[in-house]
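Asks:
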Amino acid sequence: METAVAKEIGGRREQQDAAGVWTCPNTRCALLVVADGMGGHADGAQAARMAIATAERLWHDCDGRPEDPAALLERLFREAQAALHNPGAAPGEQSGTTLVALYVGPERAWWAHCGDSRLYHFEGERLIARTRDHTRVQALADAGEIREEDMATHPEQNQLLQALGVVDPIRVKHGEASLTPDSRFLLCSDGYWEQLDPEESAQWMSQPDLQAACTQTAARAAQRGGVHGDNVAIAAWRAQAMTTPARRHLRAAIRPLLPGALLLLAVLAILFWPLD
């Protein structure tokens with residue numbers, strides 16, 4: 480497997496996005512998390528870091544091999560919520576964060592989210608699914624009142640219906656899928672997905688150097704956001720390393736010839752096998 484992570488401050492004065500990736504290469508297990516601190520609220524950056532720190536602690540507690548991955552993710556959200564939510568805080572003084580998390584095991588992946596930080600699931604360059612934002616704009620899109628491609632620029636885009644710390648109780652949405660050799664997952668804050676569509680994401684996730692492509696794409700998203708653009712955070716996972724286009728074409732050309740080559744080797748072995 481391969482993982483990558485990148486952040487950009489964009490046009491903001493403070494970086495309130497956070498991301499974390501933890502792996503067990505020998506077992507092909509990984510945990511990826513992206514959090515977007517609530518802009519306009521006190522200590523949004525600290526709230527995002529708190530969520531990431533909670534994920535890291537839980538990862539180490541189970542040594543990266545939880546008995547129940549879905550329960551691990553649920554625990555992550557509940558413990559982060561408990562640490563952040565302050566019922567006595569005055570309006571506007573409660574820190575909060577969105578959160579999206581992915582746990583990948585040897586054969587299956589599980590994810591959960593709260594807010595408008597997203598997870599995209601690709602098979603090769605084909606989009607299989609994405610998480611549904613907890614926002615007023617997502618509700619409008621689901622009702623067919625606006626188009627999917629108009630969500631990023633809608634004037635109500637930043638109106639969250641769910642987020643850790645600022646809403647209680649929270650609603651955590653879960654998903655899971657079996658893995659294939661072509662499986663890829665992208666986690667990102669809204670500062671990323673407002674600037675790049677899924678097709679662009681699928682393309683850069685096919686590049687041979689995943690980390691370099693991830694870093695370059697985070698910078699591209701921030702650049703597109705301009706001087707008033709949002710923070711950007713992304714974390715990516717894919718099942719196997721990509722070969723270069725030349726190698727992929729060579730493999731594709733050779734693969735149909737393999738049965739004939741094996742048969743020829745078998746015939747030659749019989750013909751030239753030494754006789755007593």
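Heads up: the sequence shown runs through residues 480 to 755, numbered per my numbering. Beta carbons are placed, not taken as given, at the ideal position from N, Cα and C, and that holds for glycine. Bear in mind that the values here come from a model prediction, so they are computed numbers and not experimental data.
Cβ of G575 within 8 Å of Cβ of G490?
Replies: For G575 and G490, no; Cβs fall outside 8 Å.
Asks: Tell me F556's beta-bridge partners as DSSP assigns them.
Replies: Per DSSP, none; premise fails for F556.
Asks: How big is the Cα-Cα spacing for A725 and P687?
Replies: Confidence is the limiting factor: at A725 the pLDDT is only 42, short of 50, which leaves the residue's position unreliable and the question unanswerable from this model.
Asks: Here's a check: name, in chain order, each residue in its chain whose Cβ is nearer than 7 Å to the Cβ of N565, leaving out the five neighbours to either side.
Replies: Here the set comprises Q573.
Asks: Would DSSP call H600 helix, strand or coil?
Replies: Correct three-state label for H600: strand.
Asks: For A698, which residues in the same chain have their Cβ closer than 7 Å to its Cβ, ignoring the five residues on either side in sequence?
Replies: Cβ neighbours of A698 beyond the five flanking positions: E487.
Asks: In or out: A498 buried (at least 16 other Cβ within 10 Å) or exposed?
Replies: Flag for A498 reads buried.
Asks: Cutting at 6 Å between CB atoms, please list the residues of its own chain near V500, excluding the five before and the five after it.
Replies: Once the five neighbours on either side are set aside, the close Cβ partners of V500 are T482, V484, L511, A714.
Asks: Can you tell me which of the three DSSP states T610 falls into?
Replies: Reduced to three states, the DSSP call for T610 is coil.
Asks: Rounded to the nearest angstrom, what separates D540 and L743 at their Cα positions?
Replies: The straight-line gap from Cα to Cα measures roughly 55 Å.
Asks: Distance, Cα to Cα, A527 vs D621?
Replies: Distance between the alpha carbons of A527 and D621: 28 Å.
Asks: Taking the straight line between their C-alpha atoms, what separation do you get for E624 and A701?
Replies: Their Cα atoms are separated by approximately 29 Å.
Asks: Here's a check: name, in chain order, each residue in its chain whose Cβ is nearer than 6 Å to the Cβ of R727, leaving out the five neighbours to either side.
Replies: Because the pLDDT of R727 is 48, which lies under 50, any placement of that residue in the model is unreliable, and the number read from its coordinates should be weighed accordingly. Around R727: no qualifying Cβ.
Asks: Skipping 5 residues on each side, what residues in its chain have a beta carbon closer than 6 Å to that of R703?
Replies: Contacts found: Q674.
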